[in-house]
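Student:
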Amino acid sequence: MTWDWTAVSDFLPHLWDGLLVTLEILVLGSVISFALGLVWALLMRVPSRWVTWPVGVVTEFVRNTPLLVQLFFLFYVLPEWGVTFSALTTGVVGIGLHYSTYTMQVYRAGIEAVPAGQWEAATALNLPLRRTWTAVILPQAVRRVVPALGNYVISMLKDTPLLMAITVLEMLGEARLFSQQNFQFTEPLTVIGVAFVIVSYLASLALRALERRLVH
Amino acid sequence: MTPGLWELVLRGVWVTVQLLVFSALLATAVSFVAGVARTHRLWVVRFLAGLYTEVFRGTSALVMIFWVFFVLPPAFGWQLVPMWAGTLALGLTYGAYGSEIVRGALGAVDPAQREGGIALSFTPWQRMRLILLPQAVPEMIPPFSNLLVELLKGTALVSVMGMGDLAFSGNLVRLALQESAEIYTYILLLYFVIAFLLTRMMRGLEKRLKAGVGKAAPRREAVAAEPAGAGGVR
Numbered sequence: 001m002t003w004d005w006t007a008v009s010d011f012l013p014h015l016w017d018g019l020l021v022t023l024e025i026l027v028l029g030s031v032i033s034f035a036l037g038l039v040w041a042l043l044m045r046v047p048s049r050w051v052t053w054p055v056g057v058v059t060e061f062v063r064n065t066p067l068l069v070q071l072f073f074l075f076y077v078l079p080e081w082g083v084t085f086s087a088l089t090t091g092v093v094g095i096g097l098h099y100s101t102y103t104m105q106v107y108r109a110g111i112e113a114v115p116a117g118q119w120e121a122a123t124a125l126n127l128p129l130r131r132t133w134t135a136v137i138l139p140q141a142v143r144r145v146v147p148a149l150g151n152y153v154i155s156m157l158k159d160t161p162l163l164m165a166i167t168v169l170e171m172l173g174e175a176r177l178f179s180q181q182n183f184q185f186t187e188p189l190t191v192i193g194v195a196f197v198i199v200s201y202l203a204s205l206a207l208r209a210l211e212r213r214l215v216h
Numbered sequence: 001m002t003p004g005l006w007e008l009v010l011r012g013v014w015v016t017v018q019l020l021v022f023s024a025l026l027a028t029a030v031s032f033v034a035g036v037a038r039t040h041r042l043w044v045v046r047f048l049a050g051l052y053t054e055v056f057r058g059t060s061a062l063v064m065i066f067w068v069f070f071v072l073p074p075a076f077g078w079q080l081v082p083m084w085a086g087t088l089a090l091g092l093t094y095g096a097y098g099s100e101i102v103r104g105a106l107g108a109v110d111p112a113q114r115e116g117g118i119a120l121s122f123t124p125w126q127r128m129r130l131i132l133l134p135q136a137v138p139e140m141i142p143p144f145s146n147l148l149v150e151l152l153k154g155t156a157l158v159s160v161m162g163m164g165d166l167a168f169s170g171n172l173v174r175l176a177l178q179e180s181a182e183i184y185t186y187i188l189l190l191y192f193v194i195a196f197l198l199t200r201m202m203r204g205l206e207k208r209l210k211a212g213v214g215k216a217a218p219r220r221e222a223v224a225a226e227p228a229g230a231g232g233v234r
């Protein structure tokens, strides 16, 4: 096994570029999945089968099919329908949509864990439905589910390389480009493998700290 | 969609199913070995199993696949056929997630059961084989079922390396027809059907195993699917 440190130092500038894009995907994808997941979770509580059934079917479908194929779908089909996004935007929307079907379950569990007494108190105080949700239920539900949401951010991090398949130059894309130009595969691919381990480890440390603060 | 193109898709389904079966077998073996090793009394064994789990869970499955395809051959002189390279990468990655399931289920067995085994002077291996595993395995089935669906979704990643699986056949048909909405809808539906069949199968298995240790299968409403990484890193 030969290891060439000059290849590592040549690759480092590309690594930073790729890392930046990876983190950008991660942040934007998380925001979309948090927001959209909440929307799904609330729609699933609408007391009408005409709403819950389609939402349930669609989210179940998205959750049980590969993100890669969904990305291909968005990347190749949306332009046919006259909607053109950049590859990065498509990827962020795809990954956000995919993970929203997971965060929706987290929100659902959080909402169900709010004690029934809180609902009854809101009714007793004659709070309108909107206020009940925004001032009573959601603040308690969301606080409870922050750690679980954080876990999904970490698994999303490990799915960001899939965006390489739709030409986004994130870490893996940069590594592949570099290896193809220089015919050195070992160093860049190992470096980004280690980078992923480090970033996800740091993220889990941050998450643990956040969890401790929420508990106290 | 002409019959010829459908044949291409069917061949893709076959490759996906083969890859799924092989990597699921490898992942199961790995997760039991690593999961049981994490309860071992020697700290070296625990540490090595923990290191494996953390490294393979920390990195991305697609990065692992690239590594196995491009770094392993020049580094160790192994040139694996794509099917085995894909199996190795997916099996090791998802095995790391599975080892956490095994460890968690072993830890959840009532401690009195283990103590009973000690009192009856069972050897550690007998305790594991005769007391702990028969009770822990049925509890592992629901999380393993979720992991299996994640693994199915993970098999699509090998198409990036040019392996002719279901996702790859979708790309070929798109190039042939110059039209993507229809074929990708079919591909997604096929994946969904496979995932549905897998969860059904695992549900049946859980029922059988639970009956074997005198427990009824719980009602399934509350069990939520999790992606491979969820609950993971902590």
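So the protein lines, in turn, are chains W and S. Under full-length UniProt numbering, read the first sequence as residues 1 to 216, first letter to last. Under full-length UniProt numbering, read the second sequence as residues 1 to 234, first letter to last. Even for Gly, the Cβ is constructed at its ideal location relative to N, Cα and C. Predicted model only: the values in this text are computed from it and were never measured.
#1: Thinking glutamate 80/W and alanine 181/S are a contact (beta carbons under 8 Å), I'd like their distance in whole angstroms, please.
#2: Could you check whether serine 23/S and tyrosine 94/S sit closer than 8 Å to each other, using their CB atoms as the reference points?
#3: Compute the distance between the beta-carbons of tyrosine 107/W and valine 46/W, then report whether it is under 8 Å.
#4: Between the alpha carbons of glutamate 221/S and serine 99/S, how many angstroms are there, rounded?
#5: Counting only the same chain and skipping the five closest in sequence on each side, list residues whose C-beta sits under 7 Å from that of isoleucine 194/S.
#6: Indicate the three-state DSSP secondary structure (helix, strand or coil) for threonine 84/W in the structure shown.
#7: Residues of the region 18-50 of chain W with a CB closer than 9 Å to any CB of chain S: list them in chain order, please.
#8: Between which two residues does the alpha helix (DSSP H) holding residue 217/W run?
#9: Assuming glutamate 16/S and leucine 198/S form a contact by the criterion Cβ under 8 Å, report the distance between their Cβ atoms to the nearest whole angstrom.
#10: Is the separation between the beta-carbon of threonine 53/S and that of alanine 34/S shorter than 8 Å?
#11: Could you tell me whether the Cβ atoms of phenylalanine 32/S and valine 109/S are closer together than 8 Å?
#12: Chain S partners of proline 161/W, CB-CB under 8 Å?
#13: For the structure I just gave you, are there three or more beta carbon pairs, one from the region 85-99 of chain W and one from the region 160-168 of chain W, closer than 8 Å?
#14: Comparing the C-beta of leucine 97/W with each C-beta of chain S, is any distance below 8 Å?
#15: Can you tell me whether leucine 26/W is helix, strand or coil according to DSSP?
#16: Quick test of the definition: if touching needs 3 or more C-beta pairs under 8 Å, does the region 157-164 of chain S touch the region 122-140 of chain S?
#17: Using DSSP with H/G/I as helix, E/B as strand and the rest coil, what is alanine 24/S?
#18: Between methionine 156/W and alanine 195/W, is the Cβ-Cβ spacing less than 8 Å?
#19: Here's the rule I'm using: 16 or more other beta-carbon atoms within 10 Å means buried, otherwise exposed. How should aspartate 4/W be labelled?
Tutor: Short version:
#1: At roughly 6 Å, the Cβ-Cβ gap stays under 8 Å, so glutamate 80/W and alanine 181/S are in contact.
#2: yes
#3: no
#4: The pLDDT assigned to glutamate 221/S is 49, lower than 50, so where the model puts this residue is not dependable; a value taken from the coordinates is nonetheless given after this. Distance between the alpha carbons of glutamate 221/S and serine 99/S is about 25 Å.
#5: Leu152
#6: Note: threonine 84/W maps to coil in three-state DSSP.
#7: none
#8: Missing from the structure shown is residue 217/W; chain W here goes from 1 to 216 and no further.
#9: For clarity, residue 16/S is threonine in the given sequence; the question names glutamate instead. Their Cβ separation, rounded to whole angstroms, is 12 Å, which puts threonine 16/S and leucine 198/S out of contact at 8 Å.
#10: yes
#11: no
#12: Ser60, Leu62 and Val63
#13: yes
#14: no
#15: helix
#16: no
#17: helix
#18: No, these two residues do not count as a Cβ contact at 8 Å.
#19: exposed
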